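Asks: Before I ask anything, let me first share the structure, which is written out below as structure tokens.
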Amino acid sequence: MRLFELGERTAKVHESLVTLPELAENTDVRAVLLDIADDPAALKPYLNRLELVVLRFPIFRDGRIFTQARELREYLRFSGEIRAEGHVLPDQAAFLKRCGVDSVVLPEGSDPELWERQLHRFPVAYQRSVLPSRPVGAGLRVEEET
Amino acid sequence: MSVPVGHYQYDQVDRDFLEARIAEFSEQVARRIDGSLSEDEFKPLRLMNGLYLQLHAYMLRIAIPYGTIDSKQMRMFAHIARRYDRDYGHFTTRQNIQFNWIKLEETPDILRDLASVDMHAIQTSGNCIRNVTSDEFAGAAADELVDPRIHAEILRQWSTLHPEFTFLPRKFKIAISGSPHDRVAARFHDIGILARPGDDGRTVFRIFVGGGLGRTPIIGQEIFDAVPEERLLATLEAIVRVYNAHGRRDNIYKARIKILVQALGIDAYREAVEAELAQMDLEHYRLTPEMVDAIQARFAVPELSAPDNAAQELASKRRENPEFDLWVRSNTHPHREAGHIIAVVSLKPAGGIPGDATSAQMDRLADLADEYSFGELRITHLQNIVLGHVRQDRLYALWSSLKEVDLASANIGLIGDIVACPGLDYCALANARSIPIAQKLGARFGDASLQAEIGALRINISGCINACGHHHAGHIGLLGVDKRGEEFFQITLGGRAENGASIGTILGPALPEDDTVDAIARLVDRYLGIRQKGETFLDTLDRLGDAPFKEAAYETV
Chain Y
733 MRLFELGERT
743 AKVHESLVTL
753 PELAENTDVR
763 AVLLDIADDP
773 AALKPYLNRL
783 ELVVLRFPIF
793 RDGRIFTQAR
803 ELREYLRFSG
813 EIRAEGHVLP
823 DQAAFLKRCG
833 VDSVVLPEGS
843 DPELWERQLH
853 RFPVAYQRSV
863 LPSRPVGAGL
873 RVEEET
Chain C
211 MSVPVGHYQY
221 DQVDRDFLEA
231 RIAEFSEQVA
241 RRIDGSLSED
251 EFKPLRLMNG
261 LYLQLHAYML
271 RIAIPYGTID
281 SKQMRMFAHI
291 ARRYDRDYGH
301 FTTRQNIQFN
311 WIKLEETPDI
321 LRDLASVDMH
331 AIQTSGNCIR
341 NVTSDEFAGA
351 AADELVDPRI
361 HAEILRQWST
371 LHPEFTFLPR
381 KFKIAISGSP
391 HDRVAARFHD
401 IGILARPGDD
411 GRTVFRIFVG
421 GGLGRTPIIG
431 QEIFDAVPEE
441 RLLATLEAIV
451 RVYNAHGRRD
461 NIYKARIKIL
471 VQALGIDAYR
481 EAVEAELAQM
491 DLEHYRLTPE
501 MVDAIQARFA
511 VPELSAPDNA
521 AQELASKRRE
531 NPEFDLWVRS
541 NTHPHREAGH
551 IIAVVSLKPA
561 GGIPGDATSA
571 QMDRLADLAD
581 EYSFGELRIT
591 HLQNIVLGHV
601 RQDRLYALWS
611 SLKEVDLASA
621 NIGLIGDIVA
631 CPGLDYCALA
641 NARSIPIAQK
651 LGARFGDASL
661 QAEIGALRIN
671 ISGCINACGH
681 HHAGHIGLLG
691 VDKRGEEFFQ
701 ITLGGRAENG
711 ASIGTILGPA
721 LPEDDTVDAI
731 ARLVDRYLGI
741 RQKGETFLDT
751 LDRLGDAPFK
761 EAAYETV
């Protein structure tokens, strides 16, 4: 498994990863895998002990992950690591980061340099995200901490 | 460089962003060619850059935000038509332009040419928030409350490469109007927005959600009556977030927001949006007056001044020339400023292809925009071109110039102002060719006096049930169907997109192309015979129902 870090946070390997239904019985587990159809709000009782939430793309076109990540960061104020895995494209790197994802499990045959390039492709954004930002000129544009 | 009238002025930051987008797309094309991107993976990426694969070639759809361009941009379209296409372009019902004969490998060059005039093809396709449409008479119409283009530009920026909403269940279309006369078909959009002035001097928004045409035509429902300006982006984030999380992804025909709104009911949808808003950091999403004012400052406002006798000049030209008078009646709209008028240039010549323009016509329109309307042009959702700020005493000269290039058809809002999808001539999905029947109908009713006599009557033609020609919303709608390998057309009556939006009802069995043209001719004759004084086609239909029209249409069949 190759991990690609989208920001400052160091991605950590966790030995045991459980699904949402398994979480209640495994009180010592610190990492969970959310299904694409799971509501992140179900993690509320466990947030204090969780260090990692893994979100899984069944296919790169399924954009629910972006909303899941945002809900975790913005609504639930989850401060641990959020990771994406599954069928994901380098072209989605910046979107993931801007929704609060910290790391990606690189699919087989990925070129980390391409991921790096896509991550820093755009100098500005036209809307706020979960990242700290400062305005660029007047209007909506922002430059984000990278 | 002077600030353009009617649209946002780019600066270096905006240009660098476009540059980065083109570099990204060039690499994506290269990755497709070397095989590191599969066709399945490349497809949504190219679609989000406006590139479709049609029946015979690639098509590139270029964004015209809120339908407004300047003369320099129009000349660039002419250049693209000449250099990369077959010397023409096609203006669409979503105020964009598309070129139908594009080579994949030339696409990055075209995007670079476009970027040189601050244009792009971003999000003109794909399952993302599409180019935002607006009122073609924005900033000019006498009946307008708020110029919606400032907020349309804000929505364009907000939706551009939105990190959360770029892989939605399906495409997502937003329209915004600032007039009580809905000219954007707000209730046939995923989100339709009507802007009006609020008590505090800022703008407030009435928002409809879940409208759309396509296979399942549904009229949008009001979700909020008065969203304050500072809450606009937060509210849209919440509406789209609920859709992204819960919209169906198992069936593309059930994936639009309208299906979700129907499934939940508008009250439950509103509650879900309010639950999002309750959890959001509203300050974070706040659209401040300073942000709005800064965007507004990038729009130039035309300095209007007309001689006192401008209106008399126009009146006397109309008396002298009945042909000109006829054109003024159908092809102009009242301007907010005395001595001015809004002129609509029809791209629907009798027997022509609706919405097409040649490079020579585009160049000429750009010149006329410079000469008569501050270099500004607007594309209408009925595929015509608007010159928004013409002095009344110069309207006759403008009309004379339009006549020289065959752009003076007097048929706006009349039966010749036909909307047709590209149909089987271009589109892989179509069952029938929409263009030839549009040409036949246009020719049949070509006479300007006849069209004036018939009055307000809209024909919309779609080549298949995906309804890109908006047949559901046409006063007369035609839907192409395949009957044992032959092209037939189903007729619907009574659709309308404007205030009091409704969906047309099917008149009877589908007919072959030529029989359909004849049936419509009989149906129109019947209307002329039974209408009461002052009635439009819709008035007569509403009064009598479709029985007399059904009888006429199927008389000899």
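Protein chains in written order, with this note's numbering: chain Y, 733 to 878; chain C, 211 to 767.
C-beta atoms are modelled at their ideal positions from N, C-alpha and C, and glycine is treated no differently.
Fair warning: this is a prediction, and the values are worked out from it, not measured in the lab.
Could you check if A478 of chain C is buried or exposed, using at least 16 other CB atoms within 10 Å of its CB as the buried criterion?
Replies: Label assigned to A478 of chain C: exposed.
Asks: Could you say which of C:N310, C:G718, C:N337 and C:R296 lies nearest to L793 of chain Y if we only look at CA atoms?
Replies: In the sequence as presented, Leu is not what sits at residue 793 of chain Y; that position holds Arg. Comparing Cα positions, the closest option is C:N337.
Asks: Taking 8 Å as the cut-off, is the C-beta of L578 of chain C nearer than that to any heavy atom in the ligand MN?
Replies: Questions concerning the ligand MN fall outside what the structure shown contains, since it holds no ligand whatsoever.
Asks: In the structure shown, what three-state DSSP assignment does S659 of chain C receive?
Replies: Three-state result, S659 of chain C: helix.
Asks: If you reduce the DSSP assignment to three classes, tell me which class E614 of chain C lands in.
Replies: It is helical.
Asks: Report the neighbours of E251 of chain C on chain Y: residues whose CB is nearer than 8 Å to its CB, in chain order.
Replies: Result: F792 and L821.
Asks: In whole angstroms, what is the alpha-carbon distance linking R397 of chain C and T742 of chain Y?
Replies: So the two alpha carbons sit approximately 48 Å from each other.
Asks: Counting Cβ pairs, one atom from each stretch, are 3 or more of them under 8 Å apart for the region 283-297 of chain C and the region 569-578 of chain C?
Replies: The answer is yes - the region 569-578 of chain C touches the region 283-297 of chain C, with three or more Cβ pairs under 8 Å.
Asks: At least one CB of chain Y closer than 9 Å to the CB of Q219 of chain C: is that the case?
Replies: Q219 of chain C does not count as touching chain Y.
Asks: Look at the alpha carbon of H361 of chain C and the alpha carbon of E614 of chain C, and state the distance between them as a whole number of angstroms.
Replies: Going by the C-alpha atoms only, they are around 37 Å apart.
Asks: Helix or strand or just coil, what does DSSP make of A816 of chain Y?
Replies: Three-state result, A816 of chain Y: strand.
Asks: Looking at C-alpha atoms only, which residue of C:D752, C:T766 and C:D724 is the closest neighbour of F699 of chain C?
Replies: When each option's Cα is compared against that of F699 of chain C, the closest is C:D724.
Asks: Going along chain Y in order, which residues have a C-beta closer than 9 Å to the C-beta of F377 of chain C?
Replies: Per Cβ cutoff of 9 Å: F792, R793, D794, G795, R796, I797, F798, Q824 and F827.
Asks: Go ahead and label S515 of chain C buried or exposed: buried means 16 or more other beta carbons lie within 10 angstroms of its beta carbon, across all protein chains shown.
Replies: Flag for S515 of chain C reads exposed.
Asks: Helix, strand or coil: which one does DSSP assign to R225 of chain C?
Replies: Helix, per DSSP.
Asks: Are the CB atoms of H852 of chain Y and A870 of chain Y within a distance shorter than 9 Å?
Replies: In this structure, H852 of chain Y does not lie closer than 9 Å to A870 of chain Y by Cβ.
Asks: Could one say the Cβ of S335 of chain C lies closer than 9 Å to chain Y's Cβ atoms, at least one of them?
Replies: Not closer than 9 Å to any Cβ of chain Y, the Cβ of S335 of chain C fails to qualify, so no.
Asks: With the cut-off set at 9 Å, would you say E696 of chain C and R393 of chain C are in Cβ contact?
Replies: The answer is no: Cβ separation not under 9 Å.
Asks: Mind checking if G869 of chain Y is an interface residue toward chain C, Cβ cutoff 9 Å exclusive?
Replies: Output row for G869 of chain Y: interface = yes.
Asks: Please report the distance separating the alpha-carbon of P758 of chain C from that of V727 of chain C.
Replies: In a straight line, the C-alpha of P758 of chain C is about 17 Å away from that of V727 of chain C.
Asks: So, with DSSP's three-state summary, where would you put D491 of chain C?
Replies: Here D491 of chain C sits in coil by DSSP.
Asks: Determine whether the beta carbon atoms of D295 of chain C and I279 of chain C lie at a separation below 9 Å.
Replies: No, they are not a contact pair.
Asks: By how many angstroms is the C-alpha of N259 of chain C removed from the C-alpha of G673 of chain C?
Replies: For G673 of chain C and N259 of chain C, the distance between alpha carbons rounds to 25 Å.
Asks: Which chain C residues are close to R830 of chain Y, counting only those with a beta carbon under 7 Å from its beta carbon?
Replies: Chain C residues near R830 of chain Y: P373.
Asks: Any beta carbon from chain C within less than 9 Å of L872 of chain Y's own beta carbon?
Replies: Interface residue, yes.
Asks: Is it buried or exposed for A224 of chain C, if we count other Cβ within 10 angstroms and need 16 for buried?
Replies: A quick correction: the sequence has Asp, not Ala, at residue 224 of chain C. So D224 of chain C ends up on the buried side.
Asks: Going by C-alpha to C-alpha distance, which of C:L738, C:I730 and C:Q308 sits closest to Y764 of chain C?
Replies: Answer by Cα proximity: C:I730.
Asks: Is the Cβ-Cβ distance between A658 of chain C and L536 of chain C less than 9 Å?
Replies: Against a cut-off of 9 Å, the Cβ pair of L536 of chain C and A658 of chain C comes out as a contact.
Asks: Just the C-alpha distance for T746 of chain C and A816 of chain Y, rounded to the nearest angstrom, thanks.
Replies: In a straight line, the C-alpha of T746 of chain C is about 59 Å away from that of A816 of chain Y.
Asks: Any idea if Q800 of chain Y is buried or exposed, counting beta-carbon neighbours within 10 angstroms, 16 or more meaning buried?
Replies: Buried, by the Cβ-count rule.
Asks: Chain Y beta carbons: is any one of them nearer than 9 Å to that of E481 of chain C?
Replies: Taking Cβ atoms only, chain Y never reaches closer than 9 Å to E481 of chain C, which makes this a no.
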